[in-house]
Amino acid sequence: MNVKSCKASIHSLLKTDDKNFIRLLYVLIAVFLLCAIVKPETFLQISNFQSMAAIFPEFGILSLGISLSLISGGMDLSVVFIANLSAIIAAKFMLALAPDDSSPYTLLIIIAAIMVSLLVGIICGLFNGFLIAKIKIPAMLATIGTQQMFWGLAIVLTGGSSLSGMPELYSTVMNSTLFNFLPVSLLIFIICATALSIFLSKTRYGSEIYLIGTNAKASKYAGINNDQLTILTYVISGVFSALAGLVMMAGSNSCRADYGESYTMQCVLIAVMGGVNPNGGFGNVKGIVTAIVILQFLSSTLNMFENISNFYRDVIWGAALIIVLIVNYIINQRREAAAK
Amino acid sequence: MNVKNLFKRTETYILIALLLFCFLVQACSGQFFTGNNLVDDARALTILAMFALGEMIVMVSGGIDVSFPAIAALSMYLVSTKMYDFHGNIIIFFLAGALLGFIMGALNGFLIGRFHFIPLIVTLGTSSLYTGIMQGVFASHESVLPQTMLDFGNAKLFSVYNPKSKLNSNMPVSFLFLLALIVLVWFLLRHTKLGRGIYAIGGDMNSARRAGFNVFHIQMFIYCFCGALAGFVGVTRACMMLDCDPTNMVGMDMTCIAACVLGGISLSGGSGTITGTLIGVTFLSIMSNSLILIGVSTYWEKVFTGLIIIIGTGISAYQVTRKNSKTVSNALN
Amino acid sequence: MSEYILSVKNVKKNFGGVKALDGVSLDIKRGEIHCLAGENGSGKSTLIKIISGVEPFDAGTIEFDGIKQKKLTPAISIASGIQVIYQDFSIFPNLTVMENLSINNELTCKGALVNWKRMQETAKKALSKINFKVNLKERVEDLSVAEKQLVAISRALLNSAKLIIMDEPTTALTKKEVKKLFTIIKDLQAKGISILFVSHKMDEVFEISERFTILRNGKNVITGNTADLNDKKFTFYMTGREFDDLKTNINYSTSKVVLDVQKLQLNNIFKEISFQLHEGEILGITGLLGSGRTELAETIFGLRTADGGRIFMDGKSLKIRCVEDAIEHKIGYVPEDRLSEGLFLSQSISSNISVCRLKTLSSRAGFYNKNKVNQEVENWIRNLSIATNNALLPVQSLSGGNQQKVLLARWLANNLRVLILNGPTVGVDIGAKYDIHERIRNFAKGGLSLLVISDDIPELFSLCNRIIVMNKGRFTMEVVPAKISEKKLEEISMSE
């Protein structure tokens, strides 16, 4: 068996999921080379990779949460506002109990605040899950509604302005870099990504969520507890959102009700590019992470051009999505024709 | 029989809730049914209503369009800035906006019609694309409107004076646009083959094809129309606000979709009425604008909006569940 | 005027290297009812698409009423009087009956506007063709399946149809509705219209057609007079194999009662349902649509909660409030509509088979060993001879019969005591049907107790030890296949 037929038989054994991922890897390599060629002096610096690694966890963690909800056959459009709301409540907690850094219990209070933030994320997730699983409101509509509610609650709590003045210790810790190369925010992202990956690929809950996203009726008939798993999906999404909120708050040392408003759609784009089927049932973490990295490379490199503004990122993302859709379409057409 | 059918529809409940709310506000403040409040409310819902009518057409066909705020913003920005020194008829401004929107919508229509991509994803992508072009390529910022647009924005159909608050409320000329649009959309959907085709596609795309509808043409029309309308409304918005702020329509896509769903349009397509959509829009708009009249601070506006959406869609969902369980027991008869 | 309204000779069609039709011929006489039969993949759908102009043909000749057709398009086909009624009826569920009837016609009229008055008249005209009484203002989605079909037929008759092709028209109809459909078809014949009836159901071919054509693997097998046809020949022509008419002659243990259902009740659907299921027994349930038989199965399986009565297994009272409960008590259910209720079409064969095993194979935290699962899946694929060499392929790539086997594997993997099958061979080729029947008998021999719900009387006769007739929510009669004829049972099950 020569190399070509080996490769061909491996290729045919791989599921479509894996084939999409391999294509994404090719794109990643291509984009990396493109960026390296276009801006060698600035792109290929360690400092560049370090700063990229500190930026993307914010929306990276949100993307993971949204991806899970997409895989389950729904969509969580409230992630950004759960992030903001939980961060705001945590901030208020910290401000109330440790108004100045002088308290000896500052670290404990910060840890408690983090717990509070995660609790808020869980509660918001439970609310979403309840509306979608028990009341059976379509996920998109339910989360449009809860998005407004969470945003509104955040506005009420902050009076429309941003909160700052949290203990310095918080941002120092969260913005620090471990072992000189691992930003804490990146660590959080890696933990989330790994946990989600294990959840999806190695536990029965993950397998069942894929099935619910494929055919909710059939999963009911197969004895899967749709309601419980749906609620779990949105709770996880809520927890991830809370974590993202903590990272966002550390990054800007403040929190607002409407921070990251445009992130929602960007995260859906990342998910779709990463191979998540917006109708549900398909997608994996490695694809999503690859998509995040690709887009981060592109937008960072774009930043290195003086006269091209930050906002070109949206152009790139929008165009990239459309191109990916078309390319996937053409490849699938060819594959179907060949199969006949 | 007919009344029973009426109560199966979400928009009936929304209408009842709306009326109750109006009376509540009147009771609390005595200000609701005053001339100038009604004019203010009409003014406030004009833009949302026009967007919603466009979105309605898309949703009836089974699709969805979240790119129209971006299309509206980009059209508005380009018209306001590039035509700043143009002193021709105001109509040219509107046509320019519509043309820009048409082109942007055509991309949506092509991708959805030709490749059968999922409308939500395509329009998410184009939304990002157009926003990026506006903010990046054109480096958009808040800017001053051309004089012609300002004049139009200041023009009024009539004015209502409120002796209590000593304020004047002006009914904007653009309200006529809304009325004209309602007639246009009604005629399109009710009396043209194109319009019936939109419902047909939303019902069953394969059957539509077999019946002889040109599905691709219809889809191109839908998204081009929605785009052109968005561009038109963008220019209108600038005129009404007397200012070109490219960020003030962000998020209207979700509010619009929520209004449509409250008005009885199903996410899966095939059903929806103009009356229902207008009820949905009026409800959301009046609710959020009138909270202050019952003493609720504007900070709580979003919370209320969210609550309304949840309750409204909850009712709708409950009715669907009831309908599904009914079909089983009816089978016996 | 030719004797034949349609004459297809030696038509060939290739789809990227696959010979869908390899020289197929078909002749339909004027005013004839002709049946076209064949298994899945025989080429009958392709042939229909070619006749109706949806797909072009590569070689051969086609004549409509003696006129040779060089190239066919749907418009030409329709103009020549050929109307196809597809399985989904090509209707718009969200539009009114009136619109559904008249929209095709309206589109051919000039102008961009629709003329509601003209549509009303067209609709009335359509209804008069078969004297179909229905409220024009009703939304089609609120009609019954049979009524929807009548809408499709009425519409087809608007354009002076000479030949109506019906693709598997009886799939979703009850026996009564099928009889009504046949009456309508005979009426159409009396008006001089030919009918091409595509079906694979033996009894229908016998009952309605005068001549038949059978295809296999894209080629003609035989064209002949229905009068000369019998069961054995039909099966042989369809599959190329002979099947023995096996019947269940296993003695099941009449002493060991596995499932004891007492006075089970679901409000407004069924009541006073009592029966006992013995170990190794195959019990059949039949009845008209609306008799409550599917709901009975769903109640035992936990999809619905009973309002009254009790269920005992091995003497112990069971509390079944959800599907998980039923599965825990080792009850399984293969539903009627495998495509929407049973299978995860785009997921792998492996996921589809292993879904009910995940809970058992997982630790408390939810982790399970994928290799163990794959092993089990491979075993079942071999056990049931599921025709695939790669369990990772999506299950939609399998034929109907193999898909049904996947569902069987899913449930058998759970070491069941009771398996409920609802319409086990619907949409399954004859060859696969016999295979599945044989396997069901083997499961019973192995000690599994089965409840088979079916409309197919011969199937029940070949499988069951006992058959219960259900009507309007009650059990009306219990028969033993050995002591009654199939025809008699059919009569009983169809009576009100």
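Protein chains in written order, with the working numbering: chain G, 28 to 367; chain V, 52 to 384; chain F, 4 to 499. Each residue gets a CB set at the ideal place from its N, CA and C atoms; glycine is no exception.
Residue i at chain F interface by Cβ criterion, 8 Å
i, result
"residue 368 (chain V)", "no"
"residue 264 (chain V)", "yes"
"residue 346 (chain V)", "no"
"residue 383 (chain V)", "Its pLDDT being 38, under 50, residue 383 (chain V) is placed unreliably in this model, and the value from its coordinates should be taken loosely. Chain F, which has a Cβ nearer than 8 Å to the Cβ of residue 383 (chain V), makes this yes."
"residue 244 (chain G)", "yes"
Enclosing beta strand (DSSP E) for residue i [first to last residue]
i, result
"residue 265 (chain F)", "260 to 269"
"residue 215 (chain F)", "214 to 219"
"residue 313 (chain F)", "311 to 316"
"residue 286 (chain G)", "Unbroken run through residue 286 (chain G): none, as it is neither H nor E."
"residue 170 (chain F)", "166 to 170"
"residue 463 (chain F)", "Per DSSP, residue 463 (chain F) belongs to no beta strand (DSSP E); it is in the alpha helix (DSSP H), 460 to 466."
Endpoints, the alpha helix (DSSP H) within which residue i is located
i, result
"residue 490 (chain F)", "489 to 497"
"residue 197 (chain F)", "Taken as a continuous stretch (DSSP letters only), residue 197 (chain F) belongs to no alpha helix (DSSP H), being part of the beta strand (DSSP E) at 197 to 201."
"residue 385 (chain V)", "Absent from the structure is residue 385 (chain V), since the part of chain V shown begins at 52 and ends at 384."
"residue 162 (chain F)", "That residue, residue 162 (chain F), is in no alpha helix (DSSP H); it is neither H nor E in DSSP."
"residue 440 (chain F)", "433 to 448"
"residue 165 (chain G)", "Element bounds for residue 165 (chain G): n/a, residue is neither H nor E."
"residue 416 (chain F)", "It is not in any alpha helix (DSSP H) - residue 416 (chain F) carries neither H nor E in the DSSP assignment."
"residue 329 (chain G)", "312 to 330"
Beta carbon proximity, residue i to chain V, threshold 8 Å
i, result
"residue 116 (chain F)", "yes"
"residue 286 (chain G)", "no"
"residue 292 (chain G)", "yes"
"residue 367 (chain G)", "For residue 367 (chain G), the predicted structure reports a pLDDT of 49, less than 50, and the residue's modelled location is therefore unreliable. The matter cannot be settled from this model."
"residue 275 (chain G)", "no"
Beta carbon proximity, residue i to chain G, threshold 8 Å
i, result
"residue 339 (chain F)", "no"
"residue 95 (chain V)", "no"
"residue 375 (chain F)", "no"
"residue 103 (chain V)", "no"
"residue 362 (chain F)", "yes"
"residue 374 (chain V)", "no"
"residue 399 (chain F)", "no"
"residue 403 (chain F)", "no"
"residue 344 (chain F)", "yes"
"residue 364 (chain V)", "yes"
"residue 350 (chain F)", "yes"
Beta-carbon neighbours of residue i, restricted to chain F and to distances below 7 Å
i, result
"residue 302 (chain G)", "Residues of chain F passing the Cβ test: none, with the nearest at roughly 14 Å."
"residue 27 (chain G)", "What the structure shows of chain G is the stretch from 28 to 367, and residue 27 (chain G) is not part of that stretch, so it cannot be assessed."
Neighbour list for residue i in chain F, Cβ cutoff strictly below 9 Å
i, result
"residue 161 (chain G)", "The premise fails here: residue 161 (chain G) is roughly 14 Å from chain F at the closest Cβ pair, so nothing lies under 9 Å."
"residue 59 (chain V)", "Those do not exist, as residue 59 (chain V) stays about 11 Å from chain F at its closest Cβ, beyond 9 Å."
Under 8 Å by beta carbon: chain F residues contacting residue i
i, result
"residue 66 (chain G)", "Neighbours of residue 66 (chain G) on chain F: none; closest Cβ ~41 Å, over 8 Å."
"residue 324 (chain V)", "Ordered by position in chain F, no residue passes the 8 Å Cβ test against residue 324 (chain V), which lies about 12 Å from the chain."
"residue 308 (chain G)", "347, 349 and 350"
Chain-ordered neighbours of residue i on chain G, where CB pairs are closer than 7 Å
i, result
"residue 282 (chain V)", "Under the 7 Å cutoff, chain G gives no residues; its nearest Cβ is about 18 Å from residue 282 (chain V)."
"residue 146 (chain V)", "Chain G residues near residue 146 (chain V): none, gap ~26 Å exceeds 7 Å."
Chain V contact residues for residue i, given Cβ-Cβ distances below 8 Å
i, result
"residue 340 (chain G)", "183 and 187"
Proximal residues of chain V, C-beta to C-beta of residue i below 9 Å
i, result
"residue 346 (chain G)", "176, 179, 180 and 183"
* Could you list the residues in the stretch 161 to 181 of chain V with a C-beta less than 8 Å from some C-beta on chain G, going in chain order? => Within the stretch 161 to 181 of chain V, the residues whose Cβ lies closer than 8 Å to some Cβ of chain G are 162, 166, 168, 169, 171, 172, 173, 175, 176, 177, 178, 179, 180 and 181, listed in chain order.
* Could you pull out every unbroken alpha helix (DSSP H) segment of at least 4 residues lying fully inside the stretch 241 to 291 of chain V, listed in chain order? => As summarised for the stretch 241 to 291 of chain V, the continuous alpha helix (DSSP H) elements at least 4 residues long and confined to that stretch are 244 to 254 and 256 to 262, given in chain order.
* Closer than 8 Å, Cβ to Cβ, to anything on chain V: give me those residues from the stretch 94 to 113 of chain F, in chain order. => Under the 8 Å Cβ criterion, the stretch 94 to 113 of chain F contributes 94, 95, 96, 97, 98, 102, 106, 107, 109, 110 and 111.
* In the stretch 226 to 242 of chain G, which residues sit with their C-beta less than 9 Å from some C-beta in chain F, listed in chain order? -> Those residues of the stretch 226 to 242 of chain G that come within reach of chain F (Cβ to Cβ, closer than 9 Å) are 226, 228, 229, 230, 231, 232, 233, 234, 235, 237, 238, 241 and 242.
* Which parts of the stretch 69 to 112 of chain V are runs of the alpha helix (DSSP H), unbroken and 4 residues or longer, counting only runs that do not cross its ends? -> When DSSP assignments are scanned along the stretch 69 to 112 of chain V, the uninterrupted stretches of alpha helix (DSSP H) that are 4 or more residues long and fall wholly within it turn out to be 86 to 111.
* What residues in the stretch 122 to 153 of chain G bring their beta carbon closer than 9 Å to a beta carbon of chain V? -> So nothing in the stretch comes that close.
* To do: Entirely within the stretch 315 to 391 of chain F and at least 3 residues each: give me those beta strand (DSSP E) ranges in chain order.
  => The qualifying runs are 319 to 321 and 334 to 337.
* **Near-chain V residues of the stretch 164 to 177 of chain G (beta-carbon distance less than 9 Å), N- to C-terminal order** => Result list: 164, 165, 167, 168, 169, 171, 172, 173, 174, 175, 176 and 177.
* To do: Counting only runs of 4+ residues fully inside the stretch 188 to 256 of chain G, write out the alpha helix (DSSP H) ranges in chain order.
  => Fully enclosed alpha helix (DSSP H) runs of 4 or longer: 195 to 202, 211 to 229, 231 to 241 and 243 to 248.
* Of all the alpha helix (DSSP H) runs that stay within the bounds of the stretch 36 to 124 of chain F, which reach a length of 4 or more residues? -> DSSP runs (the alpha helix (DSSP H)) wholly in the stretch 36 to 124 of chain F: 47 to 54, 77 to 82 and 100 to 111.
* To do: For the stretch 294 to 323 of chain V, enumerate the residues whose C-beta is nearer than 7 Å to any C-beta of chain F, in chain order.
  => Flagged, chain order: 321 and 322.
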